[in-house]
Amino acid sequence: MTSRATDGDGAFDTGSVCPAQPAGVLDAARAWLAQDPDEETRTELETLISDAAAGCETALGALHDRFDTRLEFGTAGLRGALGAGPNRMNRVLVAQAAAGFASWLLSRGPDSGSTGQSVVIGYDGRKNSSIFASDTAEIMAGAGIRAILLPRMLPTPVLAFAVRHFAVSAGVMVTASHNPASDNGYKVYLGGEDNGSQIVSPADADIAAHIHRVAAEASAAELPRSRDFEVAGDEILDEYVRRTAALAGHASAAVRFVYTALHGVGWETARRVFAEAGFGEPVSVAEQQEPDAAFPTVVFPNPEEPGALDVSYRTATGAGAELVIANDPDADRLAVAIPTTSGGWRRLSGNEVGFLLGWRAAERLSATAREGTLACSLVSSPALREIARDYGLGFAETLTGFKWISRAGGLAYGYEEALGYLVDPDKVRDKDGISAAVDFLVLVSELKAAGRTVEDHLLAFAERFGAFASGQISVRVTDVAEIAHSMARLRQAPPRTIGDARVDRFEDFRDGFDGFPASDILRIWMEDGSRVIIRPSGTEPKVKVYIDASSTQGTGAQRQEAAQSVVDRLDAGIRSLLG
């Protein structure tokens, strides 16, 4: 996946410098236009070609931005702004991706025990998602691959479940998850030995090579297509709902909670799961209940972003709710908010939810005398490692992304601090915001029956395992070159202090480190054992900073205060360092 800079309406910031000879880019644009079946992107491109040919520098710059580079197919598939050209998400690019992926699947030969390759395809409620999914189904079928299209827009976890349920070779989910409304994307899963996980290297590079070959050799308009694909029935959703609801067992006490789909596709599925799990009907945030590709009530449809849950908080206050449950637009992430003593609401951090659910997973394994591995990304809290140590369980730390977490050996539970949780790896090998919501609701129900709250439980965690505090800083940029410059500057002159804290050691993952493959990650350990991790975002034009500290001194409350104090000081120091 490539990072890119966008202006306010999602178009790339092209700057003011135009090449002196536009003929090449005009020829590329006209060739693209000839194979584009989409009226909207054709009109966009025709206008740019006409204006550029007439000497308009802005139009020429926009063409270079769309045609000088290409959205690269990587371990997260494709994701980018909608629009014309190879550096945008559109029907031509998706057709090339589908045909290249089909070619790669066929090159592997038949699946073990089957007569051929197969794929299941899902899509969310974003602009063009259903069109991109139908195009993919037609091209897969045209290539001789058994293609199954999910019956309607559904959450990403349902697609991930379907890969395993149908025992197919691969899965494709058309979604841009929590990205801005101007984006869409194309996420790829593999069945068989990959167990329904997202693709990783070297499969990503191999698939990309097939895609590039298709793009170079064939017009998208000439790719073989067939309507001979299957449309799955509602049985796939029924089975996902049944198995997810079964995680609840029996609720100990009724919980009044608010749910928001954040204008995404989570409501239908989550509502059914909550009902079957015994939690009844949630109070829905009506303004955000139905899919809306414009995401009108939020600036970014990401529950981590400031303000994203404000409507949910107002709804919860009015309803006298005890809990807010939020999914992102494709429902693979979960956000949880709890009431504060002052009458407001506090969103739990991804780490807080992650280590509380990890504690539950460890308890389940302990109660049944089973072994298992708890896994998290290296930017997630060290708390999960401490839980695994306390319970004598395996622990795995991976690169960021569930494509890595889901592949941990003996996985019983996995999470990443970016609101992703996997509580049922036998069912789904990807983060699942709906099953995680069920697990958290059970926790709140049990606590309520015992006369306790989530805050009480966090205090109990600190008393048993130590207090773990975390913070995150996101530095959004308008020019993606700024990201590389920031990382290079830190490498050239590693800091000796961050604020008033002295650096103990500086670890650079650029050439691989501690068993991890080469990655654009910097990890800085402080003398007091706290740490700072800096890396570029894989999905948005920004640098992300992760801060973690812990304390085992004093009472649970004193530990929490001490750990948070360290995080606050490091936060101020790193902001000053990054300028």
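Numbering (this note's numbering), first residue to last: 13 to 591.
Glycine residues also receive a C-beta, built at the ideal position from the N, C-alpha and C atoms.
Being a predicted model, the structure only gives us computed values, none of them experimental.
Residue i and residue j closer than 8 angstroms at C-beta
i	j	result
ALA622	GLU293	Past the edges of the chain, shown from 13 to 591, lies residue 622, and the structure says nothing about it.
TYR201	GLY183	yes
ILE151	ALA107	yes
VAL267	LEU368	no
ASP136	PRO341	yes
THR148	ALA110	yes
ILE350	GLU467	yes
LEU470	GLU375	no
GLY478	SER378	no
LEU396	LEU386	yes
SER233	PRO49	The question names Ser, yet the displayed sequence has Ala at residue 233. Yes. Within cutoff.
TYR433	GLY384	no
ARG225	GLY112	yes
LEU102	ARG82	The amino acid at residue 102 is misidentified as Leu; the sequence shows Asn. No.
PRO167	ALA343	yes
ASP560	SER531	no
ALA273	GLN300	yes
VAL323	THR309	yes
LYS443	ARG345	yes
ARG158	GLY128	yes
ALA462	ALA575	no
GLY156	LEU235	no
Residue i, buried or exposed, once every other Cβ within 10 Å from all chains shown has been counted against 16
i	result
GLY203	buried
GLN504	exposed
GLN33	With a pLDDT of 40 at GLN33, under the threshold of 50, the modelled position of that residue is not reliable, and the figure given next carries that caveat. GLN33 comes out exposed.
GLY524	exposed
ALA172	buried
GLU229	exposed
ARG488	exposed
GLY97	buried
THR490	exposed
ALA584	exposed
ALA71	buried
ALA66	exposed
THR567	exposed
THR53	buried
GLY276	buried
PRO548	buried
GLU247	exposed
PRO318	exposed
ARG239	exposed
SER447	buried
Nearest residue (CA-CA) to residue i, options the options
i	options	result
VAL175	SER141, ALA193, GLY197, ILE211	ILE211
LYS460	GLY384, SER418, SER264	SER264
GLY86	LYS443, ARG401, ASP218	ASP218
ALA316	ALA347, SER354, ALA298	Note that residue 316 corresponds to Glu in the displayed sequence, not to Ala. Among ALA347, SER354, ALA298, the Cα nearest to that of GLU316 belongs to ALA347.
TRP416	ILE157, GLY208, ILE143, HIS76	GLY208
ALA555	VAL492, SER588, ARG164	Correcting the residue type first, residue 555 is Val in the shown sequence and not Ala. Nearest C-alpha to VAL555: VAL492.
VAL578	ILE546, ALA65, PRO548, TRP537	TRP537
LEU60	GLN47, SER486, ALA41	ALA41
SER354	GLY362, LEU360, THR329	THR329
SER361	ASP344, ARG372, SER393	SER393
TYR325	GLU302, PRO303, ALA343, ARG359	ARG359
ASN191	ALA496, LYS139, VAL323, ILE559	LYS139
GLY278	ALA257, ARG255, GLY95, PRO303	PRO303
ALA43	ASP195, VAL104, VAL295, ASP442	VAL104
ARG514	GLU539, GLY154, ASP532, ASP206	GLU539
ARG501	GLY483, ASP520, ASP516, ASP512	ASP520
ILE586	ARG517, VAL311, TRP357, THR509	THR509
ALA333	PRO553, TYR271, ALA215	TYR271
Nonlocal neighbours in the same chain, by C-beta distance under 8 angstroms from residue i, ignoring five residues either side
i	result
SER119	HIS222
GLY413	THR87, ALA88, GLN210, SER389, GLU428, GLY550
HIS262	GLY290
Neighbourhood of residue i by C-beta distance below 6 angstroms, restricted to the same chain and skipping five residues each side
i	result
TYR252	VAL170, PHE173
ALA306	ALA193
GLN572	ALA474, ALA479
PHE407	LEU386, ARG397, ALA400
LEU144	Checking the sequence, you will find Phe at residue 144 rather than Leu. VAL106, VAL186, listed in sequence order.
VAL454	ALA260
ALA373	ALA424, TYR425
LEU162	GLY134, ALA244
Cut-off 7 angstroms between Cβ atoms - residues of its own chain near residue i, not counting five sequence neighbours on either side
i	result
LEU590	VAL487, SER498
GLY422	GLU383, GLY384, THR385, GLY406
Completely contained alpha helix (DSSP H) runs for the segment 132-189, where each covers 4 or more residues:
141-154, 168-177
Tell me the start and end of each unbroken beta strand (DSSP E) in the segment 396-462 that is at least 3 residues and wholly inside, in chain order.
406-410, 423-428, 432-434
Can you check the segment 231-284 for any beta strand (DSSP E) of at least 3 residues that lies completely inside it and give the ranges in chain order?
269-272
Ordered list of beta strand (DSSP E) runs contained in the segment 329-359, each at least 3 residues
335-339, 346-351, 357-359
Which whole runs of the beta strand (DSSP E) in the segment 84-109 are 3 residues long or more, in chain order?
90-93
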